[in-house]
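**Q** I have a structure here, written as structure tokens, and I will follow up with some questions on it.
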Amino acid sequence: MVIVCGLGSIIGSYFGAAFILLMPGVMNSFISWAATRFGFSLGIETLAHLPQALYGALIIGFLLIEPLGLGKIYNNVRDYLLVWPFGYVKK
Amino acid sequence: MLFRQAGIFHTDYASDRALFPIAADRYMIGILLLLGLAAPFYMNSLYLSSYLLPWLVWTAGALGLNLILGWAGQFHLGYAAVMGIGAYAAVHATRFGIPWEIAIHCCRIDRRDHWNWLCLRRPSRQGPLPGAQHAGPAVRHGLDDLARPCDQRRHPSHIAGTGYPVAGLAHHVGCRAILCCIRLVPHGDVLHAQSAANGARPRPRRGSGKGLRCRRHRREQFLLQAFGLCDVVLYRRRDRGDPDRHLLSRGHARTVFRRRSRSRRWPWSLSAGWEVL
Chain A
-11 MVIVCGLGSI
-1 IGSYFGAAFI
9 LLMPGVMNSF
19 ISWAATRFGF
29 SLGIETLAHL
39 PQALYGALII
49 GFLLIEPLGL
59 GKIYNNVRDY
69 LLVWPFGYVK
79 K
Chain B
731 MLFRQAGIFH
741 TDYASDRALF
751 PIAADRYMIG
761 ILLLLGLAAP
771 FYMNSLYLSS
781 YLLPWLVWTA
791 GALGLNLILG
801 WAGQFHLGYA
811 AVMGIGAYAA
821 VHATRFGIPW
831 EIAIHCCRID
841 RRDHWNWLCL
851 RRPSRQGPLP
861 GAQHAGPAVR
871 HGLDDLARPC
881 DQRRHPSHIA
891 GTGYPVAGLA
901 HHVGCRAILC
911 CIRLVPHGDV
921 LHAQSAANGA
931 RPRPRRGSGK
941 GLRCRRHRRE
951 QFLLQAFGLC
961 DVVLYRRRDR
971 GDPDRHLLSR
981 GHARTVFRRR
991 SRSRRWPWSL
1001 SAGWEVL
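Sequence order for the protein chains is A and B.
Numbered according to my numbering, the first sequence spans residues -11 to 79.
Numbered according to my numbering, the second sequence spans residues 731 to 1007.
The structure is reproduced here in structure tokens:
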């Protein structure tokens, strides 16, 4: 949760907790939707374990792509909006 | 746009140094606070108990970890040990029939170093595990106990049974948040030191109102040990000529340096706790 939310970020903690809390349900819905949409069948065990695997993959992905987590993503958006539409202004 | 800075002029220091100088931040916090307070009235109880409350509880946990891992910048396995000790004490108090609200306070009564402080004794620096003397007293206490055979442990309740460690965790997180607020807000720049948690007092300067300062230090040490914030002591860093300069006097710096070099040899700690922020 701390990895996903971002070290040293207060708002990131809120984002990270919400993300981890909502992720399994959303992922289950997404997988079952994809299974019906693309017509493949998954076993119950696969359905149960796939969110866990994706959870691990998410942590690895965050460490690789955005080590400072969701808090940093929020800050990036905020920094962009601070000077919008003058993106060339030094922040 | 949302976070527009154009047209906002900070003409005095107070507005420039405000916690949320941009109006959009203040509005967002206010709206979220109102939504949170009004949640029981517009939200289904199922969503309330299965989404909103876990979200807030998990956020408190993440913030507590963030205080140690993020801002404080240290990764200390003893932190988990201290939380575990407190949590198990609270669990077994609950199982004895003590109300939950009171039982969560048992996790700090349970500490030996707490009683040590009450007896005005310095905690012993000897520990059966090599290197354990460099840890905070609470960590050392936990490690001492874990190093003993099961039947000789002073507090077998720490390790027996399973239960609901969230109680202790929540208490510790809350106390840590309070402590860090106390220390961070008035003190500004911070420096990690472990001396207070280890029971070592800074030597008062001659003729500098030492009694008061020692009492203050005692109070801080009590707070730290009672609430379990055993490793992070946030000291003021001041300029020359400050009356509290002795905190970073030559002897103190030497102590910090010596302990820093020692702590590298401690295998249970990946601590960066001696580093100056």
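We put the CB at the ideal spot given by N, CA and C, even for glycine.
Taking one C-beta from the stretch 45 to 60 of chain A and one from the stretch -11 to -3 of chain A each time, how about it: are there three or more such pairs within less than 8 angstroms?
**A** Enough Cβ pairs lie closer than 8 angstroms, so yes.
**Q** I'd like the list of long-range same chain contacts for A:Gly0, defined as Cβ closer than 6 angstroms, with 5 residues on each side in sequence excluded.
**A** Translated into positions along the first sequence, residue 0 of chain A becomes position 12. Cys(-7), Gly(-6), Gly57, Leu58 and Gly59, listed in sequence order.
**Q** Determine the DSSP secondary structure at A:Pro39, reduced to helix, strand or coil.
**A** One-based indexing of the first sequence puts residue 39 of chain A at position 51. Three-state result, A:Pro39: helix.
**Q** Within the present structure, is the beta-carbon of A:Met(-11) separated from the nearest heavy atom of the ligand ATP by less than 7 angstroms?
**A** Within the structure as shown, the ligand ATP is missing, as the structure has no ligands at all.
**Q** Rounded to whole angstroms, what is the Cα-Cα separation between B:His835 and A:Leu69?
**A** As a first step, residue 835 of chain B is located in the second sequence; it is residue number 105 there, counting from the start. As a first step, residue 69 of chain A is located in the first sequence; it is residue number 81 there, counting from the start. Their Cα atoms are separated by approximately 45 angstroms.
**Q** Please state if the CB of A:Leu38 and the CB of A:Ile19 are separated by a distance shorter than 8 angstroms.
**A** Looking up residue 19 of chain A in the first sequence gives position 31. Looking up residue 38 of chain A in the first sequence gives position 50. The answer is yes: Cβ separation under 8 angstroms.
**Q** Using a Cβ cut-off of 8 angstroms (strictly closer), state whether A:Ile(-2) contacts chain B.
**A** Counting from one through the first sequence, the residue named residue -2 of chain A turns up at place 10. With 8 angstroms as the cut-off, A:Ile(-2) counts as an interface residue toward chain B.
**Q** Against A:Gly44, what residues of chain B qualify as contacts under a CB-to-CB distance less than 8 angstroms, listed in chain order?
**A** Here residue 44 of chain A refers to the residue found at position 56 of the first sequence. Those do not exist, as A:Gly44 stays about 18 angstroms from chain B at its closest Cβ, beyond 8 angstroms.
**Q** Identify the continuous alpha helix (DSSP H) that holds B:Ala1008 and give its terminal residues.
**A** Residue 1008 of chain B lies beyond the range of chain B shown here (731 to 1007); nothing can be said about it.
**Q** Interface residues of chain B around A:Val(-10) at Cβ under 7 angstroms?
**A** Here residue -10 of chain A refers to the residue found at position 2 when the first sequence is read from its first residue. Near A:Val(-10) (Cβ distances below 7 angstroms), the residues of chain B are Ala792, Leu795, Asn796 and Leu799.
**Q** Are B:Trp788 and A:Leu9 closer than 8 angstroms when you measure CB to CB?
**A** Translated into positions along the second sequence, residue 788 of chain B becomes position 58. Translated into positions along the first sequence, residue 9 of chain A becomes position 21. Contact flag set, yes.
**Q** Give a yes or no on whether 8 angstroms exceeds the smallest Cβ distance from A:Ile32 to chain B.
**A** Along the first sequence, read from residue 1 onward, the residue named residue 32 of chain A stands at position 44. Taking Cβ atoms only, chain B never reaches closer than 8 angstroms to A:Ile32, which makes this a no.
**Q** Rounded to the nearest angstrom, how far is the Cβ of B:Leu778 from that of B:Ala790, given a contact under 8 angstroms?
**A** Translated into the one-based positions of the second sequence, residue 778 of chain B becomes position 48. Translated into the one-based positions of the second sequence, residue 790 of chain B becomes position 60. B:Leu778 to B:Ala790, Cβ: 17 angstroms. No contact.
**Q** Can you find a CB in chain B that lies within less than 8 angstroms of the CB of A:Ile8?
**A** For the purposes of this step, residue 8 of chain A is identified with residue 20 of the first sequence, where counting begins at 1. Output row for A:Ile8: interface = yes.
**Q** If you follow the alpha helix (DSSP H) that A:Thr24 is in, where does it begin and where does it stop?
**A** For the purposes of this step, residue 24 of chain A is identified with residue 36 of the first sequence, where counting begins at 1. Unbroken alpha helix (DSSP H) run through A:Thr24: Ile(-2) to Phe26.
**Q** Less than 8 angstroms between the C-beta atoms of B:Met773 and B:Leu782, yes or no?
**A** On the second sequence, residue 773 of chain B is found 43 positions in, with the first residue counted as 1. On the second sequence, residue 782 of chain B is found 52 positions in, with the first residue counted as 1. Yes, they are a contact pair.
**Q** Please report whether the beta-carbon of A:Ala23 lies at a distance below 8 angstroms from any beta-carbon of chain B.
**A** Residue 23 of chain A sits at position 35 when you count from the first residue of the first sequence. Output row for A:Ala23: interface = no.
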